[in-house]
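K.L.:
Protein chains: 2
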Amino acid sequence: MNYLLTVAFDGKNFCGWQFQPEKRTVQAVITEASNKLFKCKCAVTGCSRTDSGVHALGFRCTVKPENGDAVISADKLPLAYSSLLPEDISVLAAETVSDDFHPRYATITKEYEYRVLNSRIPDPFSVGRVFRYPAPIGEEGIERMRVAAEYICGTHDFTAFMASGSKITDAVRTVKFCRVERVGNVIYINVAADGFLYNMVRIIVGTLLDVGRGELAPERVGEIISSRNRRLAGSTAPACGLYLKNVIYE
Amino acid sequence: MNYLLTVAFDGKNFCGWQFQPEKRTVQAVITEASNKLFKCKCAVTGCSRTDSGVHALGFRCTVKPENGDAVISADKLPLAYSSLLPEDISVLAAETVSDDFHPRYATITKEYEYRVLNSRIPDPFSVGRVFRYPAPIGEEGIERMRVAAEYICGTHDFTAFMASGSKITDAVRTVKFCRVERVGNVIYINVAADGFLYNMVRIIVGTLLDVGRGELAPERVGEIISSRNRRLAGSTAPACGLYLKNVIYE
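Just so you know, the protein sequences line up as chains A and B, in that order.
Counting from 27, one number per residue, gives the positions in the first sequence under the working numbering.
Counting from 27, one number per residue, gives the positions in the second sequence under the working numbering.
(1) Rounded to the nearest angstrom, what separates Ala-69 of chain B and Ala-265 of chain A at their Cα positions?
(2) Residue ranges of each alpha helix (DSSP H) run of no fewer than 4 residues wholly in the segment 100–176 of chain A, ordered along the chain?
(3) Determine whether the Cβ of Pro-150 of chain A lies closer than 7 Å to any Cβ atom of chain B.
(4) Sorted by chain position, which residues of the same chain lie with C-beta nearer than 6 Å to Val-201 of chain A's C-beta, five sequence neighbours on each side aside?
(5) Could you please give the first and the last residue of the uninterrupted beta strand (DSSP E) stretch that includes Thr-279 of chain B?
(6) Kindly provide the ranges of any alpha helix (DSSP H) runs that are 4 or more residues long and lie completely inside the segment 195–269 of chain B, ordered along the chain.
(7) Considering Phe-184 of chain A, what are the terminal residues of the alpha helix (DSSP H) in which it resides?
(8) Taking Cβ positions, are Val-227 of chain A and Tyr-138 of chain A nearer each other than 7 Å?
(9) Compute the distance between the beta-carbons of Thr-51 of chain B and Gly-37 of chain B, then report whether it is under 7 Å.
(10) So, for Ile-213 of chain B: in the same chain, excluding its five sequence neighbours on each side, which residues have a beta-carbon less than 6 Å away from its beta-carbon?
(11) Taking beta-carbon pairs under 8 Å, can you tell me which members of the segment 152–184 of chain A lie near chain B?
(12) Which term fits Ser-99 of chain B, buried or exposed, when burial requires 16 or more other beta carbons within 10 angstroms of its beta carbon?
(13) Considering Cα atoms alone, identify which of A:Thr-262, A:Gly-84, A:Phe-40 and A:Leu-105 is closest to Ser-78 of chain A.
(14) Does Asp-196 of chain B have its Cβ less than 7 Å from a Cβ in chain A?
(15) Determine, using beta-carbon pairs with one atom in the segment 59–66 of chain A and one in the segment 93–112 of chain A, whether at least three such pairs fall under 8 Å.
(16) Beta carbon of Leu-223 of chain A, beta carbon of Ala-197 of chain A: below 7 Å?
(17) Hey, is Ser-60 of chain B's beta-carbon within less than 7 Å of any beta-carbon in chain A?
(18) Using a Cβ-Cβ distance under 7 Å, would Phe-35 of chain B count as near chain A?
(19) Does the beta-carbon distance from Val-237 of chain B to Arg-146 of chain B come in below 7 Å?
(20) Which first and last residues belong to the alpha helix (DSSP H) in which Asn-21 of chain A is found?
(21) Measure the Cβ-Cβ separation of Glu-58 of chain A and Val-153 of chain B and say whether it is below 7 Å.
(22) Going by other Cβ atoms of all chains shown within 10 Å of its Cβ, with 16 needed for buried, is Ile-134 of chain A buried or exposed?
(23) State yes or no: is the C-beta of Ala-120 of chain B within less than 7 Å of the C-beta of Tyr-275 of chain B?
(24) Give every residue of the same chain whose Cβ lies closer than 6 Å to the Cβ of Pro-162 of chain B, excluding the five residues on either side of it in the sequence, and list them in chain order.
(25) Just to confirm before moving on: does the CB-CB distance between Ile-251 of chain A and Ala-174 of chain A stay below 7 Å?
(26) Does the separation of the CB atoms of Pro-129 of chain B and Thr-88 of chain B fall below 7 Å?
(27) Round the Cβ separation of Tyr-29 of chain B and Leu-103 of chain B to the nearest angstrom and send it over; I've been treating them as touching at under 8 Å.
(28) Taking Ala-189 of chain B as the reference, which of B:Arg-155, B:Pro-244 and B:Gly-232 has the closest Cα?
(29) Counting only Cβ pairs nearer than 8 Å, list the residues of chain A close to Glu-1 of chain B.
(30) Per the DSSP calculation, Thr-72 of chain A is bridged to which residue(s)?
(31) DSSP on Lys-271 of chain A, reduced to helix/strand/coil?
(32) With the cut-off set at 7 Å, would you say Arg-199 of chain B and Phe-184 of chain B are in Cβ contact?
(33) Work out the CA separation of Val-209 of chain A and Arg-246 of chain A for me, nearest whole Å.
(34) Are the C-beta atoms of Ser-78 of chain A and some chain B residue less than 7 Å apart?
Below is the structure:
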């Protein structure tokens, strides 16, 4: 049996998804709960690595119990996991998939959301869950960010938006949408693509914020992409504002 | 000088508003920050006591520096406090008021919000900030709660909705509104009154939830008020779902 889980987690107290010795990771916590639940060793495979502090609203992973007899009806899994997982992680949904389904390679589109609290005053209820950005960005700034976001959309070599030192050789990705919305004093930036380079969303956000506060002309974003020069793009926005929102399979 | 502050705090790690020896309270934390800010002892007076774990979106308190020379422009206070307060508390706004203004006695209306997560599955992002209530309450249940809420409105003796053991002799209060709204799987219950008895909102919520899941007929709420019998009302909903939302002065 191979189960595909949809998982939400508050990334604040996790060192990202992937197993690391002596570190609290999401993969380790889900594996431990799965082993207890299915009463056997389980192989847990994620749709992507996430960095320390990054959150998830709809992370996907598969759980494959080594003991083929260990069958639990998929619709019972969210509630069953809820009594085994700590409070900063939840299984929202579960379904069965074929044995050879791989939650990373089967991905067609991944969507991230980035949340910016545009305020000089901190908000006690969103600490560690937004990036607080004090420089005021008005309605005009949001419009500029939307113009800039249009340059991000489409198929480009995104080397300029990849953490320097990455070993990826093919940096061409297709961004399906890049939306900027403001609700109250929170700016939501949603980016969907067929794949992302390391830190790509966070560098896009850092660059769009430079555009928002008037530091960078929107048209410059097109030129930065063409330059393939990481140093021309904005700084990397912090992990705490980033949410893996959705993964779409065939 | 006498300043009136509007304060938001996440109550999770506070033992309520009021000073208590050896305990972390909101009053103690604001007093400490104020003493530093004004470089003198400050008298800090709150609009109400709040229980351990209760949150605030718009708590009010006055800050009166003992040294009359210690004058800071009120509009500078929110930012000035932000560098002195811990991350679970913020000053949202400040104004000057007359020396004899008392944030408790001058209150005309106080509004509380109670948040119920109506879900069998926990949400990692609202732990400690909602009361998770697994019994499903559908649209029909919400309608029943609204009918019941109408009985709460108006001027009544609310002895049945007061924590047993309270020493209050006059339990007559005027509830100005009691609204029930559902957004996704969160039920918001907003109650405004000229004053509240101890645990009154939390007992109202416990009772409305009994109505919502069909345990109690909406009309019974009128009879429970008339009975003045605490044992007939529902249980006290936990502190973690309660927010002091707004205080209205003349």
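Backbone N, C-alpha and C fix where the C-beta goes; we use that ideal spot for every residue, glycine too.
P.N.:
A quick look at the data gives this:
(1) In a straight line, the C-alpha of Ala-69 of chain B is about 40 Å away from that of Ala-265 of chain A.
(2) 103–108, all fully within the segment 100–176 of chain A.
(3) Judged by the 7 Å Cβ criterion, Pro-150 of chain A is in contact with chain B.
(4) Around Val-201 of chain A: Ile-178, Cys-179 and Ala-219.
(5) Within the shown structure, residues of chain B are numbered from 27 to 276, placing residue 279 of chain B beyond reach of any answer.
(6) For the segment 195–269 of chain B, the continuous alpha helix (DSSP H) assignments of 4+ residues that do not extend past its boundaries occur at 226–238 and 246–253, in sequence order.
(7) That residue, Phe-184 of chain A, is in no alpha helix (DSSP H); it is neither H nor E in DSSP.
(8) In this structure, Tyr-138 of chain A lies closer than 7 Å to Val-227 of chain A by Cβ.
(9) No, Cβ-Cβ distance for Thr-51 of chain B and Gly-37 of chain B is not below 7 Å.
(10) Counting only Cβ-Cβ distances below 6 Å, and skipping sequence neighbours, we find Val-142 and Asn-144.
(11) Answer in chain order: Val-153 and Arg-155.
(12) With fewer than 16 other beta carbons inside 10 angstroms of its own, Ser-99 of chain B counts as exposed.
(13) The shortest Cα separation from Ser-78 of chain A among A:Thr-262, A:Gly-84, A:Phe-40 and A:Leu-105 belongs to A:Phe-40.
(14) Not an interface residue.
(15) By the C-beta criterion, the segment 59–66 of chain A is judged to be in contact with the segment 93–112 of chain A, since at least 3 inter-stretch pairs fall below 8 Å.
(16) Yes, Cβ-Cβ distance for Leu-223 of chain A and Ala-197 of chain A is below 7 Å.
(17) By this cut-off, Ser-60 of chain B is not an interface position.
(18) Yes, Phe-35 of chain B counts as interfacial toward chain A.
(19) With respect to Arg-146 of chain B, Val-237 of chain B sits apart: the two C-beta atoms are not nearer than 7 Å.
(20) Any question about residue 21 of chain A goes unanswered here, given that chain A covers just 27 to 276.
(21) No. Outside cutoff.
(22) Taking all protein chains in view, the Cβ of Ile-134 of chain A is surrounded by fewer than 16 other Cβ atoms within 10 Å, so the residue is classified as exposed.
(23) Taking 7 Å as the cut-off, the beta carbon of Ala-120 of chain B is found no closer than this to the beta carbon of Tyr-275 of chain B.
(24) Take Pro-162 of chain B, set aside five residues on each side of it, and no residue of its chain has a beta-carbon closer than 6 Å to its own.
(25) In this structure, Ile-251 of chain A sits away from Ala-174 of chain A, with a CB-CB distance that is not shorter than 7 Å.
(26) Contact: yes.
(27) Your pair Tyr-29 of chain B and Leu-103 of chain B checks out as a contact, with CB atoms roughly 7 Å apart and the cut at 8 Å.
(28) Nearest C-alpha to Ala-189 of chain B: B:Gly-232.
(29) Any question about residue 1 of chain B goes unanswered here, given that chain B covers just 27 to 276.
(30) Per the sequence shown, residue 72 of chain A should be read as Gly rather than Thr. Partner residues in the beta bridge of Gly-72 of chain A, as assigned by DSSP, are A:Cys-87.
(31) Correct three-state label for Lys-271 of chain A: strand.
(32) With contacts defined as CB atoms closer than 7 Å, Arg-199 of chain B and Phe-184 of chain B qualify as a contacting pair.
(33) Computed Cα separation, rounded: 26 Å.
(34) It does not: the Cβ of Ser-78 of chain A has no partner Cβ on chain B nearer than 7 Å.
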